[in-house]
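Take a look at the structure below.
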Amino acid sequence: MTSVTQLTESPLITARRPAWRHVSVSAVVAGLVAVAISYAGPLLVVLGAAQRAGLDPGQTASWVWAISVGSGIICVSMSLVTRQPVVVAWSVPGAALLITTLGGYEYSDAIGAFIVTGVLTIVLGVTGWFGRLMRALPRPIMAGVLAGVLLPFVLDAAGASAEAPIVAGGLVLAYVLGRRFLPRYAVLVALAAGVALAFATGTTTAPHLSAGLTMPLWTTPTFDPQSIIGISLPLLIVTMAGQNGPGLAMMHSNGYAANDRLLLGAAGAGSVLFAPFGAHSINLAAITAGICCGREAHEDPARRYVAGISCGVFFVAFGFAGQNIVELLGAVPEQLVTAAAGVALFGALQGALTDVVRVDPDPPVGAKAPGSGGRRGPAGLEAGVVTLAVTASGLTVADIAAPFWGFLAGALVYLILSVTARRRGA
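To get the numbering used here, take the position in the sequence shown, counting from 1, and add 22.
Next up, the structure:
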C-alpha cells in the first residue's frame, strides 16, 4: 500500500500535463456530487440564517451567489495552480452560528465583520501560524475532528434507508454493487439508481422553476467594534477549527502535501472580496472535499485535481441559478439526498477513522517527536478517540459548534497524557 510520504513525494502529484488530458467522468461527477450535497444541506443553513436575520429576497439571493461564485473561483484557480483537488466552500458551522447572532446587528455591520474574519484568516494563513499549530498536534486529533464531522452523515444514510427502504436503501445497495463492479463510478451508479427509484415510486414533486439568473447585490460595509467581537471572532474560531483544520486534514489523509499558507490565504482573500455581496466566510471544505480527494474521484491521485476544477465550475453555474437548484433538490425525497451524502462520504470516513486508531510508538524520552502532526503514540490515540466522540456528539456551547469543542477536548487530553508520560519517564 502506498504511504502518505511516498504519495506526497510522487512527481505525479505535481505533474504539469494539460488539464484536459486528465479529465475523467468520475472526477467530473465527483465535483457535481460535492456541489449538489453543498446545496442539499449546508445551503439550507445559510437560508435559515438569512430568514432569522430578516434579510430581503435580494440580499438572500446575493448571499447565495457570493458564497457559490467565490468558492467556485477559488476551487478552479487553486486546483489548477497546485494540481491538487482543492475544494473550498462556505462555513457551515459559521452559518449555524449566524442563525442566532446575525439578527442582533445591522446588516452593514455584519458585512464589515465578515471582512474582518477574512483578513484574520489571511493573517493566520500566510504567516504559517495555523499551519504550525496543525503540525504541532498529533494527527489523530485532526483526524478525530474530521471523522466526527463525517460520521453523522454516514449514520444518517443508514437511518434514511430504514425510513425509505426502496429509494434510499436501493441507492445504498447500488453503491455497494458499484464498488464491486464499477468502483470508479460507484457514486454515479448510486445516484442514478436513487433518482430512478424516486421517479418509479412517485415520491418526487414538481419543482417551481423561474426564469432569470441570480445576481449580486452590493452592501457597503461598516465596522462596529461590537459586531467584530460578537460575529468576527466566533466566526473565525468555528471556521478555523471546524472547516479549515479538517479541510487540511482531509487533503493530508489522502496523500496531498497541502500548502496551508497558499490555500488559507486564498480562502481569506475570497472572503474579503465577496463579503460585500453577502459571503460570510469562504474556507477549505471538509465534508465535500472527501468526495473530490478520495478514490471515488479517480484511482490515480494525480488526476483527482480535475474534481476540484469540476466542483468550482459547478459552484459558479449553480451560483447564478441558485434558487432553481434549491427547488430541484427539494423535488426529490429528503432520504435520497441524505443517503447520497452518506455513500459519497463513506471512503473519506474510512480514511479518517484509520488515522484516528493507527498507533505508532511514542518517541523515547528526550527524543524529538516527528513533525507534520505525525505523533500517533498511545496519548495521541486516546486524544483522537476523545476528539471523535465530542465532535460526533453534536455538542454546542455558547453557539460554538462541536468541531471546536472536540478539537479543544482532544488537545487537552493529549497535553495531560503526554506531560504525565514524560514525568514518569524522567
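We put the beta carbon where it would ideally sit given N, CA and C, even for glycine.
I'd like to check one pair, residue j with residue i: are the Cβ atoms closer than 8 Å?
i	j	result
Gly-53	Phe-296	no
Ile-253	Ala-366	no
Leu-239	Phe-299	yes
Ala-370	Ile-163	no
Ala-132	Val-67	no
Met-237	Trp-87	yes
Val-260	Gly-140	no
Gly-287	Ile-144	yes
Ala-196	Val-211	yes
Ile-121	Ala-71	yes
Pro-256	Leu-119	yes
On the premise that residue j lies in contact with residue i, defined as a C-beta separation below 8 Å, what is that separation, rounded to the nearest angstrom?
i	j	result
Gly-373	Val-408	Not quite, the Cβ-Cβ distance comes to about 20 Å (not below 8 Å), so this is no contact.
Trp-112	His-274	Their Cβ separation, rounded to whole angstroms, is 22 Å, which puts Trp-112 and His-274 out of contact at 8 Å.
Cys-315	Arg-326	6 Å
Ala-58	Ser-332	Going by Cβ atoms, the distance from Ala-58 to Ser-332 rounds to 12 Å, so no, they are not a contact pair.
Gly-94	Gly-341	7 Å
Gly-277	Pro-243	Actually they are not in contact, since the Cβ atoms of Gly-277 and Pro-243 sit about 40 Å apart, beyond 8 Å.
Gln-4	Tyr-129	Because the chain in this structure spans residues 23 to 448, residue 4 falls outside the shown range and cannot be described.
Thr-413	Gly-166	6 Å
Gly-76	Gly-126	Contact flag wrong, Cβ pair sits at about 11 Å.
Glu-318	Ala-208	7 Å
Val-55	Leu-213	7 Å
Gly-170	Gly-428	5 Å
Less than 8 Å between C-beta atoms, sequence neighbours within five positions excluded: which residues of the same chain meet that for residue i?
i	result
Pro-229	Asn-346, Glu-349, Leu-350, Gly-352 and Ala-353
Leu-439	Pro-400, Ala-401, Glu-404 and Ala-405
Val-45	Val-328
Val-103	Leu-284
Val-441	none
Going along the chain, which residues of its own chain have a beta-carbon closer than 6 Å to the beta-carbon of residue i, five neighbours each way excluded?
i	result
Gly-92	Gly-292, Phe-296, Ala-301 and Ile-304
Val-338	Val-91 and Gly-94
Arg-283	Gly-147, Val-148 and Gly-150
Gly-153	Asp-282
Thr-227	Ala-353
Phe-175	Ala-363, Gly-364 and Leu-367
Ile-89	Trp-112 and Ala-301
Asp-78	none
Phe-245	Gly-134
Starting from residue i and walking both ways along the beta strand (DSSP E), at which residues does that stretch end?
i	result
Leu-306	304-306
Within a Cβ cutoff of 7 Å, which residues of the same chain sit near residue i, ignoring the five residues on either side of it in sequence?
i	result
Leu-306	Val-110, Gln-265, Asn-266, Gly-269, Leu-270, Leu-285 and Ala-289
Thr-418	Ala-424
Glu-185	Gln-357
Ala-361	Ala-179, Ala-182, Ser-183, Ala-190, Leu-193, Val-194 and Gly-216
Met-272	Leu-168, Ala-308, Ala-311, Gly-312, Cys-315 and Ala-370
Tyr-98	According to the sequence as given, residue 98 is Val; it is not Tyr. Once the five neighbours on either side are set aside, the close Cβ partners of Val-98 are Ile-331, Gly-334 and Val-335.
Pro-355	Ala-186, Val-189, Ala-220 and Thr-225
Ile-250	Ala-135 and Val-138
Ser-60	Ala-111 and Thr-310
Pro-107	Ser-101, Cys-314, Cys-315, Ala-319, Arg-326, Tyr-327, Ala-329 and Gly-330
Asp-377	Arg-161, Pro-162, Ala-165 and Ser-275
In the DSSP assignment, find the unbroken alpha helix (DSSP H) run with residue i in it and report its ends.
i	result
Arg-161	161-185
Thr-360	356-366
Thr-418	Segment: none, Thr-418 is in no alpha helix (DSSP H) and carries neither H nor E.
Ala-401	400-414
Which ranges does the alpha helix (DSSP H) cover as unbroken runs of at least 4 residues, wholly within the region 105-154, from first to last along the chain?
Runs of the alpha helix (DSSP H) lying entirely within the region 105-154 and spanning at least 4 residues, in chain order: 114-123 and 129-148.
Note down, one range per segment and in chain order, each beta strand (DSSP E) of at least 3 residues found wholly within the region 190-257.
Restricting attention to beta strand (DSSP E) runs no shorter than 3 residues, the region 190-257 encloses none.
At which residue ranges does the region 272-327 contain complete alpha helix (DSSP H) runs of 4 or more residues, listed in the order of the chain?
Along the length of the region 272-327, whole alpha helix (DSSP H) runs at least 4 residues long occupy 282-296 and 311-315, reported in chain order.
Go through the region 37-93 residue by residue and report every complete run of the beta strand (DSSP E) that reaches 3 residues or more, in order.
Runs of the beta strand (DSSP E) inside the region 37-93: none found.
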